[in-house]
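Protein chains: 2
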Amino acid sequence: MTLSEEDYIKAIYHLSQIDNKSVATNAIAEQMKTKPSSVTDMVKKLSEKSLVNYKKYQGVSLSEKGRLVALSIIRKHRLWEVFLVDKLNFSWDEVHEVAEQLEHIKSDALIDKLDAHLGFPKVDPHGDPIPTKDGTFKKSIKKLISELPVLSEGVCVGVNDSSASFLKFLDKNKIALGDTFKILDREEFDGSVSISTRSGTIRISEQIASNLYLEISDTE
Amino acid sequence: MTLSEEDYIKAIYHLSQIDNKSVATNAIAEQMKTKPSSVTDMVKKLSEKSLVNYKKYQGVSLSEKGRLVALSIIRKHRLWEVFLVDKLNFSWDEVHEVAEQLEHIKSDALIDKLDAHLGFPKVDPHGDPIPTKDGTFKKSIKKLISELPVLSEGVCVGVNDSSASFLKFLDKNKIALGDTFKILDREEFDGSVSISTRSGTIRISEQIASNLYLEISDTE
DNA sequence: AAATAAATTTAGGCAAACCTAAAAAATTGT
DNA sequence: ACAATTTTTTAGGTTTGCCTAAATTTATTT
Ligand SMILES: [Mn+2]
Ligand SMILES: [Mn+2]
Ligand SMILES: [Mn+2]
Ligand SMILES: [Mn+2]
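Top to bottom, those sequences are chains A and B.
Read in order, the letters of the first sequence are residues -8 to 211 in the numbering used here.
Read in order, the letters of the second sequence are residues -8 to 211 in the numbering used here.
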């Protein structure tokens, strides 16, 4: 598989996670920063290789084979992110671009040994689960703060938007994965939310709330 | 720079180290496992970019700019080799292929942090020196065993041939970098050499002797 | 149910990196 | 010196991944 094919497979995987429908050509083009006509070319090729199911004008979805390829690339991407943060002291907002390259290195032995070296991590620096070698992985039961009712309590386990600017914002406001939050109150007017943390109570905008995942520890 | 351009630059660098003449098209083709006509294409492109000096039919040599590019790729290659052996427990005969890929990852921060993580190593697992960031590096005064006179003594610091089969041979015969050897005797007939090691005296063929470097500690 | 708009595909091209076959230049042998 | 051989370059193609412009299909309005 070429680097480009791998990135397309990964893009299709991520887009199909959003809702469970087949993925539109334009959506892939936007994600991959190419033109729709280029996407059509590539989708045809992936279809020939049985990595995707494709019917003209009907959008595209990953085949089982394609899904396993996607998970293996995501596994590599996330393991490298752990390496960059844990071993090389990168901050979590700096790792994406480099991991985007490292995920394409071809060597099964490499990724197994890297996994061992890192102590078989279960999640990456952004709280996203790392698929196992055989392509299984547990989606945690996590919810966006914006989708949780008032008085919910839970551990912050992930981000929706992992852009450097958002991650830097979190650092500046002392919000980190692993912190326990309680939703105290939600403002009708603008959807902003008041949450209590170890270090006090803060108010976050709807935009922030819709980009932070909590793993809810039963509120009872 | 593309991956392919980088590999060409590296090949030209290595070939020009052998003797100090300009490098022949056919030699590059052999090294790169392509056809001479492809080499001509690429050399023209590198020449446009002022990375090599090239005149038709006259062979090619690296410009100063090209030399620095070569050294930066070699630096990355060798640092990754150290990482693979020291941190991921690869054996020294397994690392070349993966390092061949890793050397092309683009990120200055990555290579600086990797260097620090490894403790700023001076040589790679095959005893080859690691160029510094600014492209200087010390060629050690090392000589092939086949070129040294009888009774020379020194530390084994490098290999000429780093193919997996040769490295495996060394492991099997308990020859490792850092070992101290003394050349006891050389057979006129076949060039084979008798050397004393910590673990006793062994006889090595001319072919082996011409692939092992010693750093000679003055014999006086 | 048209008409309009949006999404998607097709057609035709381009650059990178390779190829084969043929031509040209350099080297070697006599 | 000049014929034969070797090396190198040129000419013309291929594949991959991208592009623009035009055609086609599907979706949305009116
Ligand atoms: Mn990628
Ligand atoms: Mn991540
Ligand atoms: Mn390489
Ligand atoms: Mn090496």
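All C-beta atoms in this analysis are idealised placements derived from N, C-alpha and C, irrespective of residue type, glycine included.
Residue i versus residue j - alpha carbon distance
i	j	result
Tyr(-1)/B	Gly57/B	10 Å
Met(-8)/B	Ile102/B	17 Å
Val51/B	Val34/B	8 Å
Ile207/A	Asp99/A	36 Å
Leu(-6)/A	Leu139/A	39 Å
His68/A	Ile136/B	45 Å
Ala15/A	Glu39/A	18 Å
His5/A	Gln198/A	21 Å
Val114/B	Thr123/A	35 Å
Val30/A	Asn11/A	20 Å
Arg194/A	Ile186/A	6 Å
Ser82/B	Ala155/B	10 Å
Ser28/A	Ala18/A	12 Å
Ala200/A	Asp77/A	27 Å
Arg66/B	Asp125/B	10 Å
Phe160/B	Val150/B	12 Å
Tyr45/A	Ala20/A	16 Å
Pro112/B	Val73/B	8 Å
Glu211/B	Glu178/B	No answer about Glu211/B holds up, because its pLDDT of 42 lies below 50 and its placement is not dependable.
Ser13/A	Ile3/A	9 Å
Ile132/A	Ile174/A	17 Å
His108/A	His108/B	14 Å
Ser63/A	Thr127/A	10 Å
Asp32/A	Gln22/A	16 Å
Glu91/A	Glu144/A	34 Å
Ile9/B	Gln49/A	59 Å
Whether residue i touches residue j by CB criterion (9 Å)
i	j	result
Gly118/B	Leu168/B	yes
Leu158/A	Asp84/A	yes
Val141/A	Tyr204/A	no
Ala61/A	Lys1/A	yes
Asp176/A	Ser196/A	no
Lys134/A	Pro120/A	no
Asp152/B	Asn202/B	yes
Val86/A	Pro116/A	yes
Ser183/B	Lys165/B	no
Leu42/B	Ile96/A	no
Lys212/A	Glu(-4)/A	Because chain A here runs from -8 to 211, residue 212/A falls outside it and cannot be looked at.
Assumed close pair residue i, residue j - CB separation to whole angstroms, cut-off 8 Å
i	j	result
Lys104/A	Asn80/B	6 Å
Thr188/A	Asp170/A	6 Å
Leu59/B	Ser7/B	Actually they do not touch by this definition, with Cβ atoms about 14 Å apart.
Val89/A	Leu70/A	Incorrect: roughly 13 Å between the Cβ atoms, too far for contact.
Residue range of the unbroken beta strand (DSSP E) whose run includes residue i
i	result
Leu203/A	Leu203 to Ile207
Phe172/A	Thr171 to Arg177
Glu144/B	Glu144 to Val150
Lys35/A	Run containing Lys35/A: none in the beta strand (DSSP E); it sits in the alpha helix (DSSP H), Pro27 to Glu39.
Val89/B	Taken as a continuous stretch (DSSP letters only), Val89/B belongs to no beta strand (DSSP E), being part of the alpha helix (DSSP H) at His87 to Leu93.
Thr127/A	From DSSP, Thr127/A is part of no beta strand (DSSP E); its letter is neither H nor E.
Asn44/A	Val43 to Tyr45
Leu135/B	Lys133 to Leu135
Start-to-end residues for the alpha helix (DSSP H) that takes in residue i
i	result
Leu101/A	Asp99 to His108
Arg69/B	Glu55 to Val73
Ser7/B	Leu(-6) to Ile9
Ile199/A	Glu197 to Ala200
Ile186/A	From DSSP, Ile186/A is part of no alpha helix (DSSP H) but of the beta strand (DSSP E) over Val184 to Thr188.
Phe160/A	Ala155 to Lys163
Asn17/A	Thr16 to Met23
Please output, in chain order, the residues near ligand 4 using a CB cut-off of less than 6 Å to any non-hydrogen atom of the ligand. Any residue whose Cβ sits closer than 6 Å to a heavy atom of ligand 4 makes the list: Arg69/B, Glu72/B, Asp115/B, His117/B, Asp119/B and Ser153/B.
Could you name the residues whose beta carbon sits closer than 5 Å to any heavy atom belonging to ligand 3, keeping them in chain order? Residues with their Cβ less than 5 Å from any non-hydrogen atom of ligand 3, running along the chain, are Asp(-2)/B and Glu91/B.
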